[in-house]
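Numbering (our numbering), first residue to last: 8 to 105. Glycine residues also receive a C-beta, built at the ideal position from the N, C-alpha and C atoms. Given the structure is predicted, the values throughout are model-derived calculations rather than measurements. Single-structure report; data block below.
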């Protein structure tokens, strides 16, 4: 886990689990196969306590084009999950749903 992921876990996920917003948040718990020899491992698997929906959170300091393509492909292939990109900018956590 890198520093940005650790910060997201401590500032956002752990308080949300304690408050009951999320049932659980697990680091790199899922590995999705996108194509032959191509996999995507989201940073966090999060279970929304209200809806029971599984969210896959990807935390980035900045976005490379290939990472953005990979999460878009994963979102298209696995519609049963909600994909969330998270980036820390100017003192706040910016979320983008795919």
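Rounded C-alpha distance that separates residue 7 from residue 91: Only positions 8 to 105 of the chain appear in this structure, which leaves residue 7 out of reach.
Residues of its chain near residue 31, where Cβ-Cβ distance is below 6 Å and the 5 sequence neighbours each way are ignored: 54
Beta carbon of residue 51 nearer than 7 Å to that of residue 34: yes
Per-residue burial, residue 78 [other beta carbons within 10 Å of its own, 16 or more giving buried]: buried
Distance CB(residue 93)-CB(residue 66) smaller than 7 Å: yes
Cβ-based burial, residue 81 [other Cβ within 10 Å; buried from 16]: buried
Alpha helix (DSSP H) segment containing residue 11, residue limits: 10–15
Coil, strand or helix - residue 96 by DSSP: strand
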